[in-house]
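Engineer: Take a look at this one; I'll ask things after.
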Amino acid sequence: MRRQQRYRYVGTPDPMTQKEAYQCEKYVKKNRDSLVRAGEYLVDVPALLSLFHLDCWNCRSVHGETCCEGGQPYAVQKQQMSILEEELALVAAQLGEEKERTHWMEYGIWDIAQPPGTIRMRHGNCLFYQELDGRRGCAIHAYAERTGKELFPLKPFSCQLYPLDLIDTGDAILLTAVTPDTSSFSRWGTDYLEHFYCASKERRQQADHVNAELFSLDGYRPAYEWNMPLLRYLLKEHAEQIEALLAERSVNVPC
Numbered sequence: 017m018r019r020q021q022r023y024r025y026v027g028t029p030d031p032m033t034q035k036e037a038y039q040c041e042k043y044v045k046k047n048r049d050s051l052v053r054a055g056e057y058l059v060d061v062p063a064l065l066s067l068f069h070l071d072c073w074n075c076r077s078v079h080g081e082t083c084c085e086g087g088q089p090y091a092v093q094k095q096q097m098s099i100l101e102e103e104l105a106l107v108a109a110q111l112g113e114e115k116e117r118t119h120w121m122e123y124g125i126w127d128i129a130q131p132p133g134t135i136r137m138r139h140g141n142c143l144f145y146q147e148l149d150g151r152r153g154c155a156i157h158a159y160a161e162r163t164g165k166e167l168f169p170l171k172p173f174s175c176q177l178y179p180l181d182l183i184d185t186g187d188a189i190l191l192t193a194v195t196p197d198t199s200s201f202s203r204w205g206t207d208y209l210e211h212f213y214c215a216s217k218e219r220r221q222q223a224d225h226v227n228a229e230l231f232s233l234d235g236y237r238p239a240y241e242w243n244m245p246l247l248r249y250l251l252k253e254h255a256e257q258i259e260a261l262l263a264e265r266s267v268n269v270p271c
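Here you go:
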């Protein structure tokens, strides 16, 4: 079996490239002593303790665009396509403009010119990136919050995962986060590390022109803490063990 077929990003049908798969394989071999096995998972403790500050509502005020602008990061899997199609009318109903609601229902969700599971672009952005109550964000996320619907099976998986990553190596599922050491094979690449304050406390410390309340330096926390609800949903019976492990190790992480 080719390396590229064996290594894949969890939660999307989009394949890793041969180069990404090679870099991931090399990383796992090099860091095997620091990876903790928990059931089918390889827990990348150092990466998961890397500091982030997901001050998402203030992103647009300090950056030219947010991570939600443009298109979705990765296509969704077939089972999630069905869930989104079933909920489309209800998600669309919360939109303020009737013209926009009609457009959604007439043209649907998917970009048929792209691989299955690719959400259509609308005005240069993901279809679901909308203005609601005077703020722009994900219409799916807003719908889940308003209705009490469970978010995790509904919102595109890769849109929920940042800054974490889940990679099926064929032998185990690597649970990691985007760092300078993992960016060569992470689905997030180097862009966040190089351009966004959420992924670099060092870069934020140098940004003297930014209001201290935006991406505040005391708001940086280990990567895994930002996504614990999602991890509990995904990891199931292994969640408590992994969370306890990371919490114990995070005590020694410098702020």
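Numbering (our numbering), first residue to last: 17 to 271.
Ideal Cβ positions, reconstructed from N, Cα and C, are used throughout, including at glycine.
Note that the structure is a prediction, hence the values are computed from the model and not measured.
Do you know whose CA, among V26, E147, T118, L148, lies nearest V92's CA?
Structural biologist: If you number the sequence shown from 1, residue 92 lands on position 76. If we check each option's Cα against that of V92, V26 comes out closest.
Engineer: Here's the rule I'm using: 16 or more other beta-carbon atoms within 10 Å means buried, otherwise exposed. How should G133 be labelled?
Structural biologist: What you label residue 133 is simply residue 117 of the sequence shown in a count that begins at 1. Burial call: buried.
Engineer: Can you give me the C-alpha to C-alpha distance between T192 and D127, rounded to a whole angstrom?
Structural biologist: By one-based count along the sequence shown, residue 192 stands at place 176. By one-based count along the sequence shown, residue 127 stands at place 111. One C-alpha to the other measures close to 30 Å.
Engineer: Are the stretch 43-50 and the stretch 164-179 in contact at 8 Å, needing three or more beta carbon pairs?
Structural biologist: Too few Cβ pairs lie closer than 8 Å, so no.
Engineer: Excluding the 5 residues preceding and the 5 following M17 in the sequence, name in chain order all residues of the same chain whose CB lies nearer than 7 Å to its CB.
Structural biologist: One-based indexing of the sequence shown puts residue 17 at position 1. Here M17 scores only 48 on pLDDT, less than 50, and its place in the model is too uncertain to base an answer on.
Engineer: Use the C-beta contact count for W120: other C-beta atoms within 10 angstroms, 16 or more gives buried, fewer gives exposed.
Structural biologist: Against the sequence shown, residue 120 aligns to sequence position 104. Flag for W120 reads buried.
Engineer: Is T134 helix, strand or coil when you go by DSSP?
Structural biologist: Locating residue 134 in the sequence shown gives position 118, counting from the first residue. Reduced to three states, the DSSP call for T134 is coil.
Engineer: Who does R237 pair with in a DSSP beta bridge?
Structural biologist: Numbered from 1 along the sequence shown, position 221 holds the residue referred to as residue 237. Answer is F68.
Engineer: Count the other CB atoms within 10 Å of the CB of I99; is the residue buried (16 or more) or exposed (fewer)?
Structural biologist: Translated into the one-based positions of the sequence shown, residue 99 becomes position 83. I99 is exposed by the Cβ-count criterion.
Engineer: Mind checking T118: buried by the 16 CB within 10 Å criterion, or exposed?
Structural biologist: Position 102 of the sequence shown, counted from the start, is the residue given in the question as residue 118. When all chains shown are included, T118 counts as exposed.
Engineer: So, using beta-carbon positions, are I71 and Y240 closer together than 9 Å?
Structural biologist: Here residue 71 refers to the residue found at position 55 when the sequence shown is read from its first residue. Here residue 240 refers to the residue found at position 224 when the sequence shown is read from its first residue. Sequence inspection shows Asp at residue 71; the Ile mentioned does not correspond to that position. It is not a contact, given that the beta carbons lie outside the stated cut-off.
Engineer: Once DSSP output is grouped into helix, strand and coil, what is the label at M17?
Structural biologist: Along the sequence shown, read from residue 1 onward, the residue named residue 17 stands at position 1. Its pLDDT being 48, under 50, M17 is placed unreliably in this model, and the value from its coordinates should be taken loosely. Of the three classes helix, strand and coil, the one that applies to M17 here is coil, per DSSP.
Engineer: Inspect the beta-carbon positions of E101 and I125 and report whether they are closer than 9 Å.
Structural biologist: Position 85 of the sequence shown, counting from 1, holds the residue named residue 101. Position 109 of the sequence shown, counting from 1, holds the residue named residue 125. In contact: E101 and I125 (Cβ atoms closer than 9 Å).
Engineer: Run through DSSP, which three-state label would H225 get?
Structural biologist: Position 209 of the sequence shown, counted from the start, is the residue given in the question as residue 225. Of the three classes helix, strand and coil, the one that applies to H225 here is coil, per DSSP.
Engineer: Using alpha carbons as the reference points, say which of P29, D30, A37 lies closest to T198.
Structural biologist: Within the sequence shown, numbered from 1, the residue matching residue 198 stands at position 182. The shortest Cα separation from T198 among P29, D30, A37 belongs to A37.
Engineer: Among all the DSSP beta bridges, which residues are the ones paired with E147?
Structural biologist: To locate residue 147, count along the sequence shown from 1; it is residue 131. E147 pairs with R152.
Engineer: In whole angstroms, what is the alpha-carbon distance linking T185 and S202?
Structural biologist: On the sequence shown, residue 185 is found 169 positions in, with the first residue counted as 1. On the sequence shown, residue 202 is found 186 positions in, with the first residue counted as 1. In a straight line, the C-alpha of T185 is about 13 Å away from that of S202.
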